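Trainee: Note that the protein sequences, when read in sequence, are chains B and U.
Each residue of the first sequence is one higher than the one before, starting from 95 at the first, in our numbering.
Each residue of the second sequence is one higher than the one before, starting from 2 at the first, in our numbering.
Here a beta-carbon is modelled for each residue, glycine too, at the ideal position from N, C-alpha and C.
Since we're looking at a predicted model, the values are computed, not measured.
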Amino acid sequence: MEIIIYGITNSISLALMAIGFSLTFGISGLPNFAHGAFYLLGGILTWIFLNQLGIPYLVAALLSILAIGAFGFFLYWGLMLRLRGLAINEVIATLAVAIVIIEVLRWMGFSGFSYVLPPFIRGSVNIGGVWVDNQRIVMVGIGAALIVVLYLFTRRTKTGLSFRAIAQNERTAIAVGIDPDWTAALSLAMGSGLAVVAGLAILPLGAIDTEMGYDILLYALAVGIIGGLESLPGALLGSFILGFSQILVATFLRAQWQTVVTLAAIVIILAIKPSGLLGKYKELEERV
Amino acid sequence: MLEAKNLMVFFENALAINDLSIEVKREEIVGVLGPNSAGKTTLMNTISGLIIDIKIKEERRGGERITVMGELWFEGEEMLHSKPSYRIRKGIALSRERHPIFPDSSVEENLRISTYLRKDPEVQKSFEFVYGIFPPLRELRKRKAGFCSGGEQQMLSVGMALMTRPKLLLLDEPLLGLSPMMQRFLIEAIRRIRKEGIAVLVAEQFARPLLPSLDRGYVIENGMLSFQGTGQELRDNPEVRASFVGV
Numbered sequence: 095m096e097i098i099i100y101g102i103t104n105s106i107s108l109a110l111m112a113i114g115f116s117l118t119f120g121i122s123g124l125p126n127f128a129h130g131a132f133y134l135l136g137g138i139l140t141w142i143f144l145n146q147l148g149i150p151y152l153v154a155a156l157l158s159i160l161a162i163g164a165f166g167f168f169l170y171w172g173l174m175l176r177l178r179g180l181a182i183n184e185v186i187a188t189l190a191v192a193i194v195i196i197e198v199l200r201w202m203g204f205s206g207f208s209y210v211l212p213p214f215i216r217g218s219v220n221i222g223g224v225w226v227d228n229q230r231i232v233m234v235g236i237g238a239a240l241i242v243v244l245y246l247f248t249r250r251t252k253t254g255l256s257f258r259a260i261a262q263n264e265r266t267a268i269a270v271g272i273d274p275d276w277t278a279a280l281s282l283a284m285g286s287g288l289a290v291v292a293g294l295a296i297l298p299l300g301a302i303d304t305e306m307g308y309d310i311l312l313y314a315l316a317v318g319i320i321g322g323l324e325s326l327p328g329a330l331l332g333s334f335i336l337g338f339s340q341i342l343v344a345t346f347l348r349a350q351w352q353t354v355v356t357l358a359a360i361v362i363i364l365a366i367k368p369s370g371l372l373g374k375y376k377e378l379e380e381r382v
Numbered sequence: 002m003l004e005a006k007n008l009m010v011f012f013e014n015a016l017a018i019n020d021l022s023i024e025v026k027r028e029e030i031v032g033v034l035g036p037n038s039a040g041k042t043t044l045m046n047t048i049s050g051l052i053i054d055i056k057i058k059e060e061r062r063g064g065e066r067i068t069v070m071g072e073l074w075f076e077g078e079e080m081l082h083s084k085p086s087y088r089i090r091k092g093i094a095l096s097r098e099r100h101p102i103f104p105d106s107s108v109e110e111n112l113r114i115s116t117y118l119r120k121d122p123e124v125q126k127s128f129e130f131v132y133g134i135f136p137p138l139r140e141l142r143k144r145k146a147g148f149c150s151g152g153e154q155q156m157l158s159v160g161m162a163l164m165t166r167p168k169l170l171l172l173d174e175p176l177l178g179l180s181p182m183m184q185r186f187l188i189e190a191i192r193r194i195r196k197e198g199i200a201v202l203v204a205e206q207f208a209r210p211l212l213p214s215l216d217r218g219y220v221i222e223n224g225m226l227s228f229q230g231t232g233q234e235l236r237d238n239p240e241v242r243a244s245f246v247g248v
């Protein structure tokens, strides 16, 4: 029972970490290696708003999401636009942004037990004999809500449909009037905003540590590679596989082995199915 | 309504289109005929504006240098360097070669995506218009477009262009790879589209089934104009007959 409950919460937290990265990459092919840094920065920004400026929690959270989203949007126009189509340069540039953000935050000392975001709802509940703190339940709720919202967004709204169009066939999308740069900038903004959402849902479970900036990126990449980098269902599948195997390993072996599982999963998937379990519409193309 | 004057398109130093002038008048069906690599698709991309995007992408990754020169007038406005989205707003829509649709979306979603630029409330009317011209699409509207047959995807591709409410419809090789029956159906559809007041410019390699429906036509080879005339003149010209009609 413990394994099931902690497996689910762990999987959802991984899915939250990965969903923004997958979204941006799936739509515009931009590998946002600053994803983990945005996660961290969003958390710290909220902490500053909350403790130094005295802004209410909910407002502080929304402000950080919007701020980082806007940062992603302008990052596209200011920097990524010059590198579009050069995959390696995109990785180097976003990783550079990530290192700058994370190391500056480390230098400013944003690490340790004084930097804690309060949980949304305190206390814990008993589910089938296991005590689960409320924040974990809230996190699962946020994860599930996010998946539903994203599903509806990409199928019901004009912007969402244009995202789907660009992801499937960029040139046809342009031929019906969709602007590829505008869409890519929006997707980077949304991905960055989602990184903060993930941070706000997960960070209250522990203290803020600048090292997370790198760890989150690693988890997002691992989930993406397992499930297929450009597909959201893939990210979901990947996070459940990784989430449960981490918990199983932590229960039956030792907690230290969790990172090994993550890296081993990447290696195994790359060896047997490089495009990920639910990689791009390969099967569909072959049938037609 | 459309007038291209002395178009020149270079890929690095290679001339893809050489001093080409073409014209499409209101409610005309005009053909651009030519063999492979004659420059038909480049011409279509130049008129629809897709070439602007290709050019920007090539510049960004330091690839081929593309140069576009000449004049392109559409309804009294010079458009050679405007964005594709602007040209779509003004009424030029392209259905691309080999019907590249959005395979993972349903047929209906494909059509809906194509209304992206429209802000008017008459989108539903356009759905009825497209389903009226291509009745099979109505039956297929819930199916994933990637699972449709080539002919169905071609209908969808033309339908998507129609959803932008064009005044001028550009069709790049619409008959390529279709069965003779589907070709006849599509040509019939093109005639009906023209009857609705939409001018059509068709680029095609295999011209035999299309020739009777053309008001005028241009034959291009290596990016240059080699013959132009009315539909009748094209049908009677022995060289055209030998090269493109296959008699």
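Thinking C-beta only, is serine 286(B) closer than 7 Å to phenylalanine 132(B)?
Mentor: In this structure, serine 286(B) lies closer than 7 Å to phenylalanine 132(B) by Cβ.
Trainee: Throw me the rounded Cβ distance for the valine 185(B) and phenylalanine 119(B) pair, which I believe falls under 8 Å.
Mentor: In fact, because the Cβ distance is near 11 Å, the residues do not count as touching under 8 Å.
Trainee: What are the boundary residues of the alpha helix (DSSP H) that alanine 295(B) is part of?
Mentor: 274-296 is the span of the alpha helix (DSSP H), which, as asked, contains alanine 295(B).
Trainee: According to DSSP, what are the bridge partners of lysine 145(U)?
Mentor: Answer is Ser107(U), bridged to lysine 145(U).
Trainee: CA-CA distance, serine 214(U) and tyrosine 87(U)?
Mentor: Spanning the two alpha carbons is a distance of roughly 30 Å.
Trainee: Taking alanine 259(B) as the query, report the chain U residues whose CB atoms sit under 7 Å from its CB, ordered along the chain.
Mentor: Result: Phe103, Ile114.
Trainee: Which chain U residues are close to glycine 337(B), counting only those with a beta carbon under 9 Å from its beta carbon?
Mentor: Result: empty, since nearest Cβ-Cβ is about 26 Å, beyond 9 Å.
Trainee: Span of the alpha helix (DSSP H) holding tyrosine 87(U)?
Mentor: 85-91 is the span of the alpha helix (DSSP H), which, as asked, contains tyrosine 87(U).
Trainee: Closer than 9 Å between beta carbons: that is the criterion. Which residues of the stretch 157-184 of chain B meet it against chain U?
Mentor: The residues in question are Leu175, Arg176, Leu177, Arg178, Gly179, Leu180.
Trainee: Measuring only between beta-carbons, confirm whether serine 122(B) sits less than 7 Å from chain U.
Mentor: With 7 Å as the cut-off, serine 122(B) does not count as an interface residue toward chain U.
Trainee: Have a look at Ile99(B), Leu117(B), Ile97(B), Gly271(B) and flag the residue whose alpha-carbon is nearest the alpha-carbon of glycine 321(B).
Mentor: That would be Leu117(B), whose Cα lies nearest to the Cα of glycine 321(B).
Trainee: Considering just the uninterrupted stretch of the alpha helix (DSSP H) at serine 122(B), what are its terminal residues?
Mentor: From DSSP, the alpha helix (DSSP H) with serine 122(B) extends over 96-122.
Trainee: Check the Cβ of valine 85(U) against every Cβ in chain B and list those closer than 8 Å, keeping chain order.
Mentor: Going by the sequence as given, residue 85(U) is proline instead of valine. Per Cβ cutoff of 8 Å: Ile268, Ala269, Gly271.
Trainee: In this structure, how does DSSP classify phenylalanine 128(U) when only helix, strand and coil are distinguished?
Mentor: If DSSP states are grouped into helix, strand and coil, phenylalanine 128(U) belongs with the helices.
Trainee: Run down chain B in chain order and give the residues with a C-beta less than 9 Å from the C-beta of methionine 161(U).
Mentor: Neighbours of methionine 161(U) on chain B, chain order: Thr266, Ala269, Val270.
Trainee: Please determine, among Ile52(U), Leu187(U), Glu174(U), the residue with the shortest C-alpha to C-alpha distance to threonine 68(U).
Mentor: Cα-wise, what sits closest to threonine 68(U) is Ile52(U).
Trainee: Could you give the distance in angstroms between the alpha-carbon of glutamine 146(B) and the alpha-carbon of isoleucine 93(U)?
Mentor: Cα to Cα, the separation comes out at about 56 Å.
Trainee: For asparagine 14(U), report the span of its beta strand (DSSP E) as first-last.
Mentor: Where asparagine 14(U) is concerned, there is no enclosing beta strand (DSSP E), given that its DSSP letter is neither H nor E.
Trainee: Return yes when the Cβ of serine 158(B) is within less than 7 Å of the Cβ of leucine 175(B), no when it is not.
Mentor: No, the pair does not count as a contact, with Cβ atoms beyond the cut-off.
Trainee: Could you tell me which chain B residues have their CB closer than 8 Å to the CB of tyrosine 117(U), listed as they occur along the chain?
Mentor: Under the 8 Å cutoff, chain B gives Lys252, Leu255, Ser256, Ala259, Val270, Gly271, Ile272.
Trainee: State the Cα-Cα distance for the pair glutamine 229(B) and serine 256(B), rounded to the nearest angstrom.
Mentor: Each residue's alpha carbon lies about 35 Å from the other.
Trainee: When DSSP labels each residue in this structure, what does serine 218(B) get in the three-state scheme?
Mentor: DSSP places serine 218(B) in strand when its eight states are reduced to three.
Trainee: For leucine 326(U), would you say it is in contact with chain B, using Cβ-to-Cβ distances shorter than 7 Å as the test?
Mentor: Summary: the structure shown does not reach residue 326(U), with chain U confined to residues 2 through 248, and so no result is reported for it.
Trainee: Taking C-alpha atoms, which residue in Tyr100(B), Ile102(B), Ser107(B), Gly101(B) lies nearest to aspartate 309(B)?
Mentor: Out of Tyr100(B), Ile102(B), Ser107(B), Gly101(B), Ser107(B) has the C-alpha closest to the C-alpha of aspartate 309(B).
Trainee: For leucine 202(U) versus valine 25(U), is the C-beta spacing smaller than 7 Å?
Mentor: Result yes, Cβ atoms of leucine 202(U) and valine 25(U) sit closer than 7 Å.
Trainee: Taking alanine 58(U) as the query, report the chain B residues whose CB atoms sit under 7 Å from its CB, ordered along the chain.
Mentor: Inspection of the sequence shows that residue 58(U) is occupied by lysine rather than by alanine. Neighbours of lysine 58(U) on chain B, chain order: Gly179.
Trainee: By Cβ distance, which residues of its chain are closer than 7 Å to tryptophan 171(B), with the 5 residues on each side in sequence left out?
Mentor: Correct list, in chain order: Ala279.
Trainee: Let me check understanding here. Comparing Cα to Cα, which of Arg185(U), Arg166(U), Arg192(U), Asp54(U) lies closest to arginine 90(U)?
Mentor: Closest option to arginine 90(U), Cα to Cα, is Arg166(U).
Trainee: Does the structure place the stretch 263-277 of chain B close enough to the stretch 122-135 of chain U that three or more beta carbon pairs sit under 8 Å?
Mentor: Judged by Cβ distances under 8 Å, the stretch 122-135 of chain U makes no contact with the stretch 263-277 of chain B, as fewer than three pairs qualify.
Trainee: What does asparagine 263(B) reach in chain U if we use C-beta pairs closer than 7 Å?
Mentor: Per Cβ cutoff of 7 Å: Pro101, Phe103.
Trainee: Taking the alpha carbon of leucine 189(B) as the reference point, which residue from Pro327(B), Phe346(B), Leu124(B) has its own alpha carbon closest?
Mentor: The shortest C-alpha separation from leucine 189(B) is found at Leu124(B).
Trainee: Hey, does arginine 62(U) have any beta-carbon neighbour from chain B nearer than 7 Å?
Mentor: Yes, arginine 62(U) lies at the interface with chain B (some Cβ there is under 7 Å from its Cβ).
Trainee: Establish whether the CB of aspartate 54(U) and some CB of chain B are separated by less than 7 Å.
Mentor: Yes, contact with chain B.
Trainee: Is the distance from the Cβ of methionine 164(U) to the Cβ of threonine 116(U) below 7 Å?
Mentor: Yes, they are a contact pair.
Trainee: Please state whether the Cβ-Cβ distance between leucine 138(U) and valine 108(U) is less than 7 Å.
Mentor: For leucine 138(U) and valine 108(U), yes; Cβs fall inside 7 Å.
Trainee: I'd like the list of long-range same chain contacts for tyrosine 375(B), defined as Cβ closer than 7 Å, with 5 residues on each side in sequence excluded.
Mentor: Because the pLDDT at tyrosine 375(B) is just 47, under 50, the model does not fix this residue reliably, and the value given afterwards should be weighed accordingly. Closer than 7 Å at Cβ, skipping near neighbours: no residue.
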